[in-house]
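In the numbering used here, the protein residues as written are 19 to 123. Built from N, CA and C at the ideal position, the CB exists for glycine as well. From a predicted model like this one, the values you see are computed outputs, not experimental measurements. Have a look at the structure below, then the notes.
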Amino acid sequence: MVVELTNESAPISFGVSGIDEIAQNVRMILNTRKGSVPLDRDFGLSWSVVDLPNTRFLQKLKMEVVQQVEKYEPRVKVREVSIYPDELVLDGVCKIKLKIEVISL
Numbered sequence: 019m020v021v022e023l024t025n026e027s028a029p030i031s032f033g034v035s036g037i038d039e040i041a042q043n044v045r046m047i048l049n050t051r052k053g054s055v056p057l058d059r060d061f062g063l064s065w066s067v068v069d070l071p072n073t074r075f076l077q078k079l080k081m082e083v084v085q086q087v088e089k090y091e092p093r094v095k096v097r098e099v100s101i102y103p104d105e106l107v108l109d110g111v112c113k114i115k116l117k118i119e120v121i122s123l
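Structure (structure tokens):
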């Protein structure tokens, strides 16, 4: 099953399972800064790429998204990553859109 997700925040639900749990976990990975989780400093996405030129930034961030999502949510394979930086607002916010394949529940 292929699912499309974004990094847009959503409320955390503690009783979810199945696809909803996987989607929530992936959003958590995409919205967590690497180094901010005390017992797992590797969890999340690195901000070290933000000062790179745009083409390198996009390539590095896409690689990081695939690596981190597949590491921390082993029930999925990332099939596509699209990143949309907001060119009008220079605040460093990017919309990340993923297509993931759920390989097990």
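C-alpha gap between residue i and residue j, whole angstroms
i    : j    : result
L79  : N43  : 18 Å
L70  : S35  : 38 Å
N25  : E82  : 14 Å
V120 : I30  : 20 Å
E88  : V111 : 23 Å
R45  : S27  : 7 Å
Y90  : S64  : 14 Å
Y102 : N72  : 11 Å
R85  : G33  : The question names Arg, but residue 85 is Gln in the sequence shown. Rounded to whole angstroms, Q85 to G33 spans 27 Å at the Cα level.
Beta-bridge pairing of residue i - partner residues as DSSP gives them
i    : result
L48  : DSSP lists no partner for L48.
I101 : I114
V87  : According to DSSP, which records beta bridges pairwise, V87 is partnered with nothing at all.
Where residue i sits in the DSSP three-state scheme
i    : result
R74  : helix
E119 : strand
E22  : strand
L57  : coil
Other residues of its chain near residue i: CB distance less than 7 Å, five sequence neighbours each side excluded
i    : result
S100 : K115
Nonlocal neighbours in the same chain, by C-beta distance under 8 Å from residue i, ignoring five residues either side
i   : result
R93 : I40, V120, I121, S122 and L123
P56 : none
D38 : S31
Neighbourhood of residue i by C-beta, 6 Å cutoff - its chain only, sequence neighbours within 5 removed
i   : result
G62 : T50, R51 and K52
E22 : K117
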